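First up is the structure itself, then whatever we jot down about it.
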Amino acid sequence: MIARRMFSWPTWDWRGAEELDRMRRQLDRLFGDLMGDFSREPTAGVFPLINVTEDNDNYYVRAELPGIKADELDISVTGNSLAISGERKILSESESAHYHRREREAGSFSRMVSLPGQIDSAKVEASCADGILTVVLPKAESAKPRQISVKTTS
Amino acid sequence: MSNSETKTLQAKVKRQVSTSAEQTRPGPTFTPAVDIFETETEITLLADMPGVKAKDIDIDLHENVLSLAGEVKSPEASNEKDILREYQTGKYFRQFTLSEAIDQSKINAELKDGVLRLSLPKVEKATPRKIMVKAG
Numbered sequence: 085m086i087a088r089r090m091f092s093w094p095t096w097d098w099r100g101a102e103e104l105d106r107m108r109r110q111l112d113r114l115f116g117d118l119m120g121d122f123s124r125e126p127t128a129g130v131f132p133l134i135n136v137t138e139d140n141d142n143y144y145v146r147a148e149l150p151g152i153k154a155d156e157l158d159i160s161v162t163g164n165s166l167a168i169s170g171e172r173k174i175l176s177e178s179e180s181a182h183y184h185r186r187e188r189e190a191g192s193f194s195r196m197v198s199l200p201g202q203i204d205s206a207k208v209e210a211s212c213a214d215g216i217l218t219v220v221l222p223k224a225e226s227a228k229p230r231q232i233s234v235k236t237t238s
Numbered sequence: 010m011s012n013s014e015t016k017t018l019q020a021k022v023k024r025q026v027s028t029s030a031e032q033t034r035p036g037p038t039f040t041p042a043v044d045i046f047e048t049e050t051e052i053t054l055l056a057d058m059p060g061v062k063a064k065d066i067d068i069d070l071h072e073n074v075l076s077l078a079g080e081v082k083s084p085e086a087s088n089e090k091d092i093l094r095e096y097q098t099g100k101y102f103r104q105f106t107l108s109e110a111i112d113q114s115k116i117n118a119e120l121k122d123g124v125l126r127l128s129l130p131k132v133e134k135a136t137p138r139k140i141m142v143k144a145g
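Residue numbers (the numbering used here), protein chains in the order written: chain A, 85 to 238; chain B, 10 to 145.
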């Protein structure tokens, strides 16, 4: 009886530890997923936050830059990376103004984005409307998807 | 002031709100960042609402509650595919309770480069009248 306990106990203990380890790993993964959900929307990144989309011909980079005029922005393209920099100015109001809330911020910013494919840097266009900057970057011919028609041999 | 001008802007995720009323159209709603300041004659509100067009802004002042609402249409064309998405677009909504009486007829709103400037002139107070107490 004692011998059996001595024999079986460590085995059970070892399996138990393995089981606990597996559970811990599962929990870690679960928490990792949860954390991943939070980190998908970056809480502290580089200003401005950007959205990048593509269609067959172009890449589109958009950023929300309220109160920034087009001439206050400095946009340049090198290779397949786009640099956006500038400064957001908030004009000071009259001396007699008492602030109740001040959530809008002024400051300088600079951001670099690498695009996944080659771009035709000569044809890049940027526009600013309603506080949204849109940069259209035409894809280089080599980066465009090519439709390949399948020939039927009759 | 010069110190704040040279500081580097930090990216902020737009704050999302959950409105008490259920929405008929799905989609996220965000609270715009605002500056509010007051002078002797008026209260001015500046709100960052990028992507909103002037016709899509709805400002309402009812029983001292000021509501700001703005609709944003998705700037992307339907055939565009996402590569990187760091911010979401959606509606803007924010409400404020005003303690001062506002002259509703003189409210002025202006939208420029995604920033709304709202001037809320205070009702002119009646000049204080001094009442003399006569000694009988």
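Just so you know, even glycine gets a beta-carbon here, dropped at the ideal spot from N, CA and C. For clarity, every value in this text was computed on a predicted model and none was experimentally measured.
is_contact[residue i, chain B] using C-beta, thresh 8 angstroms
i, result
"Ala128 of chain A", "Residue placement at Ala128 of chain A is flagged as unreliable, the pLDDT there being 48, under the threshold of 50; the coordinate-derived value follows with that caveat. Yes - at least one Cβ of chain B is within 8 angstroms of the one on Ala128 of chain A."
"Asn164 of chain A", "no"
"Glu169 of chain A", "Checking the displayed sequence, the identity of residue 169 of chain A turns out to be Ser instead of Glu. So, not an interface residue."
"Lys153 of chain A", "yes"
"Glu177 of chain A", "yes"
"Pro200 of chain A", "yes"
"Arg146 of chain A", "yes"
Residues of its chain near residue i, where Cβ-Cβ distance is below 7 angstroms and the 5 sequence neighbours each way are ignored
i, result
"Pro37 of chain B", "Gln25, Gln97, Gly99"
"Asn140 of chain A", "Lys228, Pro229"
"Asn135 of chain A", "Arg146"
"Gln113 of chain B", "Leu70"
Own chain, CB closer than 6 angstroms to residue i, minus 5 neighbours either side, in chain order
i, result
"Leu120 of chain B", "Ala63"
"Glu138 of chain A", "none"
"Glu171 of chain A", "Ser192"
"Arg195 of chain A", "Val130, Ile168"
"Lys16 of chain B", "none"
"Ile159 of chain A", "Ile168, Ala210"
"Ala118 of chain B", "Ile68, Leu127"
Neighbour list for residue i in chain B, Cβ cutoff strictly below 7 angstroms
i, result
"Leu133 of chain A", "Ala20, Glu95, Tyr96"
"Glu187 of chain A", "Ala42, Val43, Asp44"
"Arg172 of chain A", "Leu18"
Proximal residues of chain B, C-beta to C-beta of residue i below 9 angstroms
i, result
"His149 of chain A", "Here the sequence assigns Leu to residue 149 of chain A, which means His is not the residue at that position. Within chain B, the residues near Leu149 of chain A are Pro59, Asp122, Gly123."
"Ala181 of chain A", "Phe46, Glu47, Thr48, Thr53"
"Thr218 of chain A", "Pro84"
Same chain, Cβ closer than 8 angstroms to residue i, neighbours up to 5 away in sequence not counted
i, result
"Leu107 of chain B", "Ile52, Leu70, Asn73, Val74, Leu75, Leu129"
"Leu157 of chain A", "Leu149, Ile168, Ser169, Gly170, Ala210, Cys212, Leu217"
"Gln104 of chain B", "Val74, Leu75, Ser76, Leu77"
"Pro35 of chain B", "none"
"Ala224 of chain A", "Gly201, Gln202, Ile203, Asp204"
Closer than 9 angstroms at the beta carbon, the chain A residues around residue i
i, result
"Thr38 of chain B", "Neighbours of Thr38 of chain B on chain A: none; closest Cβ ~15 angstroms, over 9 angstroms."
Under 7 angstroms by beta carbon: chain A residues contacting residue i
i, result
"Lys16 of chain B", "Gly191"
Partners in chain A for residue i, counting only beta-carbon separations shorter than 8 angstroms
i, result
"Lys90 of chain B", "Thr137, Glu138, Asp139"
"Lys100 of chain B", "Within 8 angstroms Cβ-Cβ: nothing; Lys100 of chain B doesn't reach chain A, min ~14 angstroms."
"Lys62 of chain B", "Asp214"
CB contact below 8 angstroms: residue i versus chain A
i, result
"Lys131 of chain B", "no"
"Met141 of chain B", "no"
Contacts that residue i makes with chain E (C-beta to C-beta distance below 9 angstroms)
i, result
"Arg230 of chain A", "The structure shown contains no chain E; its protein chains are A and B."
Please determine if the region 177-186 of chain A and the region 204-216 of chain A are in contact, where contact requires at least 3 C-beta pairs separated by less than 8 angstroms. no
Between the region 53-70 of chain B and the region 121-129 of chain B, do at least 3 Cβ pairs fall closer than 8 angstroms? yes
Determine which residues of the region 72-87 of chain B have a Cβ less than 8 angstroms from any Cβ of chain A, and write them out in chain order. Pro84, Glu85, Ala86
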